[in-house]
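Working notes for the structure below.
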């Protein structure tokens, strides 16, 4: 069965200290689906765009075996647009504008052919919509959910309902602290587990990620990067690599979850090397394997017989 | 030959959200020497105290085979005292007072028997004094240096002279950025290497540490800790575990440097579990090996044949 991805499709205008782009492909579904496409198929996106959504981008998805049956194209409507600006150290991002456009009325309708999807990726959208997706799918065995500080602030009740019905939550460190009012990430992860998900992933940006499952912890390194060109979509790309690898392997052991986290980090490392989705449009198995092996080398150490 | 350690001996008054202690053993030399004592001997400290320095603390060092020939005890003088307070998340520390006392006139005199020491640990003291130590030792093959933001701010010229004459510099992330005016740690490490040391270690607190040597990078994890009781001395303890392990093994290969970093992190993880030096006063090989293996488990992942 297909990997079902629900999220946004958007055009982003991004300014970094290096460059500026207008109307570049963005949205959580774009990053998630492109990243997961290197690991598995079939993939189906559910989302909404206006009739200004470019055919070259529809073609990009089709070329990667990403199904668009669930993508509504609203005649006369305008695609979701976001504008953001990064500052010198990339740790701070200002939203310049958010034009929801057709996304304002987004109501995900899961195509009949996707309702049996065993793997579901709930991209970062209103938790009320995430709940609607969960109501429509049957037999989903493995649901991964992303969210953001906005929903923790204004839709916490719905988010807590979502958390009870999913397998994996992916948050960053500040979201984990906000969700639990707990500054210690280890304690925060425990509190989040008590809210529902058996598996908690806390992303720490340049410091890697922590995976909590089966009462074990895995500390994944981040690839040291001298130049981050554009961090937009890195979190979505991480999620795409993670669930794409799990959909391929159908193995939820802790050992395999660790690999999935590193594949997520691997794809995210390609994402930030270029603007928009460009860094994850032209990958292949060899490039991904080589980059994965850089993560292996970076973190590998062995005990010795000398102590 | 002995491992030579030069730094401060102090009494600290520390307040954390959990507890408060007065006049607890502190100072960089205390932490460094205790940590390294589990790996190697002989160890010699060079430092200065007043005649108020307690005999039980002199005995503690002697019990760990830490030589005190280079420790001047100033009759009628008072030992260096520092008071600090940690806030809820331990990321911020306020210095309440700094009474240098006999440390104000500290002029390290290396005993004749230590001048041939091949391994020298320059604890965090005025770089002018670190230079004086380097002028006194002969044939030192491996010099590790710690420093702090204060010296980068007010004694940068002397610090730059020190950097030209050492093998390893240990700094934390904010010090690396301050020293190089470069927010990217990978670029900062390269810039620091150009200042002299072949090996650069950047500590990132709860996010682990980065080791840069031989154009390679190692990302060491930090042990996830639910309770940090007192972070005072964690950096010195890290340095002590690091140089103690290297003094034991006399092997400076990248593989062994990686292990030394993890042994440093291992000792630091014990340090923060208790106030003052208490967490590193009663360790043994088995406790250290078990904790080291927790680091191995935390960071271990393997590539697979499924991709």
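Chains as they are written, first to last, in this note's numbering: chain A, 18 to 324; chain B, 18 to 324. Just so you know, even glycine gets a beta-carbon here, dropped at the ideal spot from N, CA and C.
State the beta-bridge partners of residue i as determined by DSSP.
i: residue 163 (chain B); result: B:187
i: residue 136 (chain B); result: B:20 and B:159
i: residue 99 (chain A); result: A:29 and A:115
i: residue 182 (chain B); result: Its beta-bridge partners do not exist; DSSP assigns none.
i: residue 204 (chain A); result: Partner(s): none; residue 204 (chain A) has no beta bridge.
i: residue 110 (chain A); result: A:103
i: residue 38 (chain A); result: A:31
Which same chain residues end up closer than 7 angstroms to residue i when comparing Cβ atoms and leaving out the 5 residues on each side of it in sequence?
i: residue 175 (chain B); result: 144, 145 and 148
i: residue 52 (chain A); result: 254, 257, 258, 261, 284 and 297
i: residue 35 (chain A); result: 246
i: residue 202 (chain B); result: 190, 193, 219 and 227
i: residue 217 (chain B); result: 186, 206, 209, 210 and 229
i: residue 273 (chain B); result: 266
i: residue 303 (chain B); result: none
Tell me the DSSP secondary structure of residue i in three-state form.
i: residue 43 (chain B); result: strand
i: residue 77 (chain B); result: helix
i: residue 126 (chain B); result: coil
i: residue 216 (chain A); result: strand
i: residue 228 (chain A); result: strand
i: residue 194 (chain B); result: helix
i: residue 331 (chain B); result: In this structure chain B extends from 18 to 324, so residue 331 (chain B) is not present and cannot be described.
i: residue 175 (chain B); result: helix
i: residue 71 (chain A); result: coil
i: residue 199 (chain B); result: coil
i: residue 170 (chain B); result: helix
i: residue 210 (chain A); result: helix
i: residue 221 (chain B); result: coil
i: residue 50 (chain B); result: helix
i: residue 272 (chain A); result: helix
i: residue 94 (chain B); result: coil
i: residue 55 (chain B); result: coil
What are the start and end residues of the beta strand (DSSP E) that includes residue i?
i: residue 289 (chain B); result: Unbroken run through residue 289 (chain B): none, as it is neither H nor E.
i: residue 84 (chain B); result: 83-91
i: residue 64 (chain B); result: 60-67
Given residue i, which residues of its chain have a CB within under 8 angstroms of its CB, disregarding the five upstream and five downstream residues?
i: residue 129 (chain B); result: none
i: residue 86 (chain B); result: 61, 128, 130 and 131
i: residue 220 (chain A); result: 187, 188, 189, 190, 226, 252 and 255
i: residue 301 (chain B); result: 55
i: residue 204 (chain B); result: 197
i: residue 124 (chain A); result: 146 and 149
Hey, quick one: how far does the alpha helix (DSSP H) through residue i stretch, first residue to last?
i: residue 237 (chain B); result: Not the alpha helix (DSSP H): residue 237 (chain B) falls in the beta strand (DSSP E), residues 233-237.
i: residue 34 (chain A); result: Element bounds for residue 34 (chain A): n/a, residue is neither H nor E.
i: residue 264 (chain B); result: 251-266
i: residue 316 (chain B); result: 302-316
i: residue 240 (chain B); result: Residue 240 (chain B) -> no alpha helix (DSSP H), and no H or E assigned at all.
i: residue 147 (chain A); result: 144-153
Just to confirm my understanding: we take residue i, look at its own chain, exclude 5 residues before and 5 after, and list those with CB closer than 6 angstroms. What are they?
i: residue 44 (chain A); result: 25, 26 and 27
i: residue 200 (chain A); result: 194
i: residue 288 (chain A); result: 250, 251, 254, 296 and 297
i: residue 39 (chain A); result: 30
i: residue 310 (chain B); result: none
i: residue 271 (chain A); result: 230, 231 and 233
i: residue 98 (chain A); result: 28 and 116
i: residue 66 (chain B); result: 26, 90 and 96
i: residue 158 (chain B); result: 135
i: residue 327 (chain B); result: Missing from the structure shown is residue 327 (chain B); chain B here goes from 18 to 324 and no further.
Can residue i be considered in contact with the ligand FAD, in the sense that its beta carbon sits closer than 7 angstroms to one or more heavy atoms?
i: residue 190 (chain B); result: As for the ligand FAD, it is missing from this structure, which has no ligand bound.
Assess contact between the segment 201-209 of chain B and the segment 202-216 of chain A, defined as three or more Cβ pairs (one per stretch) separated by less than 8 angstroms. Is contact present? no
The segment 19-33 of chain A / the segment 224-240 of chain A touching (three or more Cβ pairs under 8 angstroms): no
Contact between the segment 157-168 of chain B and the segment 179-193 of chain B: three or more CB pairs below 8 angstroms? Taking one beta carbon from each stretch, the segment 157-168 of chain B and the segment 179-193 of chain B have 3 or more pairs nearer than 8 angstroms; the two touch.
At least 3 beta-carbon pairs within less than 8 angstroms: the segment 270-284 of chain A vs the segment 68-80 of chain A: Not touching, per the Cβ criterion.
Just checking, does the segment 78-94 of chain B make contact with the segment 38-55 of chain B on the three C-beta pairs under 8 angstroms criterion? yes
For the segment 100-109 of chain B against the segment 240-250 of chain B, do three or more pairs of beta-carbon atoms, one drawn from each stretch, fall closer than 8 angstroms, so that the two count as touching? yes
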